[in-house]
Amino acid sequence: MMKKKATTLLAVLLMGAIALTGCSAPHTVNGSAEAVSVNGTSVPLGELNFYLRYQQIYMQNAYGGLFGENFMNTDISGSGSVYGVTMRDSSLETLEEYYLVEANAEELGISLTDEDESKIADTVQAFLAANDSKTLDAMTADEATVTHVLKLITLQQRVHEYFGTTIDTEVDPEEANQKKISYVLNSTEDTTDDAGNTVVLSEAEKEQKKADMEALLAEAKESGDLSAAAENYSLSVVPATYGKDDETLNADVYAAAEQLSDGEYSDVIESDNGYYVVYMESTSDADATQTKIDSILSDRTNEAYSAWLDPLKEGAEITVNDKNVEKLTFDRIYTVKAADEATADETVTDEATADETVTDEATTDETAVEDGTADDATTEGEAAEDTAAEE
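Following our numbering, the numbering of the sequence shown begins with 446 at its first residue and continues without gaps.
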């Protein structure tokens with residue numbers, strides 16, 4: 446989760462020009478006000494606002510088309526809270542964590558390198574130069590705020606990376622091994638017609654589906670092309686990888702696949718939801734197995750990091766200033782502009798710029814950070830992942 450959040454901020458930094466639309470009335474955030482106190486250290490509201498707005502930009506561009514432009518003010522998950530508030534709360538928790546990391550990283554012998562400091566400084570200056578005052582004010586993005594947030598993100602990444610060096614990197618080959626199959630399903634489940642009525646297959650119809658799968662299997666074995674055979678029956682092939690004790694595959698498919706060697710087909714499999722044919726592509730898929738190994742090592746790193754961080758959280762004295770935090774509302778929409786829009790904004794006249802005061806639209810033309818500085822650390826929801834799925 447932590448690795449995602451910083452990724453969000455940096456991903457947005459790489460996106461390009463940003464449009465700020467919505468409420469045209471002045472809406473100034475007191476950046477020096479306190480959002481939360483972490484063991485007596487005050488976290489400025491400006492830092493929370495800056496971090497939150499970049500989360501908002503990321504989520505707006507990722508999910509705005511799906512949930513609607515104003516989804517930050519919508520309860521999209523049915524939790525009883527609008528999405529923006531959920532994201533605001535998770536962003537606050539992230540900054541609380543960052544401050545704990547900052548206060549305790551030294552005990553691990555970890556600090557930012559000169560290279561980190563230099564990259565952050567360059568990024569901040571480029572960002573400030575690329576944005577107009579309206580955008581910077583709305584995001585409370587002064588030099589000190591942007592610099593410290595990027596330092597927090599980068600330091601958290603360095604600490605997380607450190608714990609990756611402390612774990613056991615040996616992985617049981619049997620645990621890691623992933624098999625690759627392709628399968629075809631001819632469903633026998635109930636369907637719904639255009640009038641909304643439930644359609645239940647007759648036994649004769651089910652038998653026909655089974656016969657079709659027997660014919661499909663014979664064609665696939667003869668031609669060696671499961672996909673072409675499936676198309677003849679208006680069906681499609683589904684690729685899948687799985688490992689030991691997998692619980693994501695249909696249990697009947699899993700059991701049948703476990704009996705196959707490379708290049709072998711199963712018999713027609715009868716299951717609760719229909720008839721299957723399975724083809725074993727590989728009993729040891731190199732790419733999928735490496736992905737599984739990476740996942741196992743990532744889990745171990747996260748566990749080691751959490752084992753260090755959780756006691757710090759439990760022992761921390763954290764006091765949230767709800768009144769101040771609740772001032773961060775979602776009456777503006779932050780989105781990334783298309784390249785042609787951004788280019789047009791670069792040539793606006795003073796008169797057009799004045800018009801922006803009425804339309805409340807601002808642009809940014811952000812500069813990418815080099816890999817290595819806060820290049821991987823955390824998002825909310827990532828927010829609609831990390832809460833529509835957060836995290």
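Cβ coordinates follow ideal geometry from the N, Cα and C atoms, glycine included.
3 or more residues per run - each beta strand (DSSP E) lying fully within the stretch 697–725: 714–716
P618 classed as buried or exposed, judged by whether at least 16 other C-beta atoms fall within 10 angstroms: For this step, residue 618 is matched to residue 173 along the sequence shown. By the beta-carbon neighbour count (other beta carbons within 10 angstroms, threshold 16), P618 is exposed.
Beta-carbon contacts of E547 that lie in its chain and below 7 angstroms, excluding the five residues immediately before and after: Translated into the one-based positions of the sequence shown, residue 547 becomes position 102. Excluding sequence neighbours, E547 sits near L597, L600.
Where the alpha helix (DSSP H) containing T734 begins and where it ends: By one-based count along the sequence shown, residue 734 stands at place 289. Looking at the DSSP string, the run of the alpha helix (DSSP H) that includes T734 is 731–760.
Separation of V644 from I738, as counted between CA atoms: Counting from one through the sequence shown, the residue named residue 738 turns up at place 293. Counting from one through the sequence shown, the residue named residue 644 turns up at place 199. C-alpha separation (whole angstroms): 45 angstroms.
When D587, K624, R533, T585 are compared against G688, the one with the closest alpha-carbon: Taking the sequence shown and counting its residues from 1, the one referred to as residue 688 is at position 243. Measuring from the Cα of G688, the nearest candidate turns out to be K624.
Short Cβ contact (9 angstroms threshold) for T592 with V569: If you number the sequence shown from 1, residue 592 lands on position 147. If you number the sequence shown from 1, residue 569 lands on position 124. Yes.
Residue closest to E762, alpha-carbon to alpha-carbon, out of S482, A656, G476, V474: As a working mapping, residue 762 is identified with position 317 in the sequence shown. Of the candidates S482, A656, G476, V474, the one whose C-alpha sits nearest the C-alpha of E762 is S482.
Of the listed residues E664, P684, V683, nearest to N423 (C-alpha basis): What is shown of the chain runs 446 to 836, which leaves residue 423 out entirely.
Strand pairing of A660, partner residues [DSSP]: Within the sequence shown, the letter at position 215 stands for residue 660. Answer is none; A660 lacks a bridge partner.
Inter-residue CB distance, Y699 and K666 (contact presumed, cutoff 8 angstroms): One-based indexing of the sequence shown puts residue 699 at position 254. One-based indexing of the sequence shown puts residue 666 at position 221. Y699 to K666, Cβ: 22 angstroms. No contact.
Cβ neighbours of L757 in the same chain (closer than 7 angstroms, five flanking residues each side left out): For the purposes of this step, residue 757 is taken as residue 312 along the sequence shown, with counting starting at 1. L545, N549, listed in sequence order.
Assigned exposure category for S536 - 16 Cβ within 10 Å defines buried: If you number the sequence shown from 1, residue 536 lands on position 91. Per the 10 Å Cβ criterion, buried.
Q623 - partner residues in DSSP beta bridges: What you label residue 623 is simply residue 178 of the sequence shown in a count that begins at 1. DSSP output for Q623 lists G688 as bridge partner(s).
Nearest-angstrom Cα separation, counted from Y503 out to E836: Residue numbering aside, residue 836 sits at position 391 when the sequence shown is read from its first letter. Residue numbering aside, residue 503 sits at position 58 when the sequence shown is read from its first letter. In this predicted model, E836 has a pLDDT of only 38, less than 50, meaning its place in the structure is not dependable; the value taken from the coordinates is given anyway. Cα-Cα distance, rounded: 14 angstroms.
Cβ neighbour criterion (16 or more within 10 Å) applied to Q735: For the purposes of this step, residue 735 is taken as the residue at position 290 of the sequence shown. Exposed is the call here.
As assigned by DSSP and simplified to three states, the class of S522: Within the sequence shown, the letter at position 77 stands for residue 522. It is coil, neither helix nor strand.
Beta-carbon contacts of G491 that lie in its chain and below 6 angstroms, excluding the five residues immediately before and after: To locate residue 491, count along the sequence shown from 1; it is residue 46. Result list for G491: G476, T585, T590, in chain order.
Collapsed DSSP secondary structure at V682 in the structure displayed: Here residue 682 corresponds to residue number 237 of the sequence shown, with the count starting at 1. Residue state, collapsed to three classes: strand.
Cβ neighbour criterion (16 or more within 10 Å) applied to N718: As a working note, residue 718 is residue 273 in the sequence shown. Label assigned to N718: exposed.
Nonlocal neighbours in the same chain, by C-beta distance under 6 angstroms from I714, ignoring five residues either side: Mapped onto the sequence shown, residue 714 falls at position 269. Taken in chain order, the residues that qualify are D697, A701, Y721.
Candidates Y543, S632, P489, E652, of which the one nearest D587 by Cα: Here residue 587 refers to the residue found at position 142 when the sequence shown is read from its first residue. Of Y543, S632, P489, E652, the residue nearest in Cα terms is P489.
Boundaries (first-last residue) of the alpha helix (DSSP H) holding S477: If you number the sequence shown from 1, residue 477 lands on position 32. Neither: S477 is in no alpha helix (DSSP H) and is coded neither H nor E.
Buried versus exposed call for E542 [16 or more other C-beta atoms within 10 Å across all chains shown]: Stepping through the sequence shown from its first residue, residue 542 is reached at position 97. Answer is buried; the Cβ neighbour count reaches 16.
Cross-strand partners of T637 (DSSP beta bridge): As a position in the sequence shown, residue 637 is number 192, starting the count at 1. Bridge partners of T637: T643.
Beta-carbon separation (whole angstroms), Y508 vs F495, contact threshold 8 angstroms: On the sequence shown, residue 508 is found 63 positions in, with the first residue counted as 1. On the sequence shown, residue 495 is found 50 positions in, with the first residue counted as 1. So it is not a contact: roughly 21 angstroms between Cβ atoms.
Separation of K655 from Y528, as counted between CA atoms: Here residue 528 corresponds to residue number 83 of the sequence shown, with the count starting at 1. Here residue 655 corresponds to residue number 210 of the sequence shown, with the count starting at 1. Y528 and K655: Cα-Cα distance of roughly 46 angstroms.
L573 in three-state terms, based on DSSP: As a working mapping, residue 573 is identified with position 128 in the sequence shown. Three-state DSSP puts L573 in a helix.
Where N515 falls: helix, strand or coil (DSSP): In the sequence shown, the residue the question calls residue 515 occupies position 70. Here N515 sits in coil by DSSP.
Beta-bridge pairing of N631 - partner residues as DSSP gives them: Along the sequence shown, read from residue 1 onward, the residue named residue 631 stands at position 186. According to DSSP, N631 bridges with Y720.
Delimiting residues of the alpha helix (DSSP H) encompassing I598: Taking the sequence shown and counting its residues from 1, the one referred to as residue 598 is at position 153. That run of the alpha helix (DSSP H) goes 588–609.
Neighbour-count burial assignment, Q653, 16 or more Cβ in a 10 Å radius: Start at 1 with the first residue of the sequence shown, and residue 653 comes out as number 208. Result: exposed.
Segment contact flag, the stretch 634–641 with the stretch 667–686, C-beta cutoff 8 angstroms, min 3 pairs: no
Rounded C-alpha distance that separates L595 from L497: On the sequence shown, residue 595 is found 150 positions in, with the first residue counted as 1. On the sequence shown, residue 497 is found 52 positions in, with the first residue counted as 1. Cα to Cα, the separation comes out at about 13 angstroms.
Spatially closest choice to G708 from Y628, G523, L646, by CA coordinates: Reading the sequence shown from its first residue, position 263 is the one you call residue 708. It is Y628 whose Cα lies nearest to the Cα of G708.
Cβ pair S706, T686 closer than 9 angstroms: Indexing the sequence shown from 1 puts residue 706 at position 261. Indexing the sequence shown from 1 puts residue 686 at position 241. No, the Cβ-Cβ distance between S706 and T686 is not below 9 angstroms.
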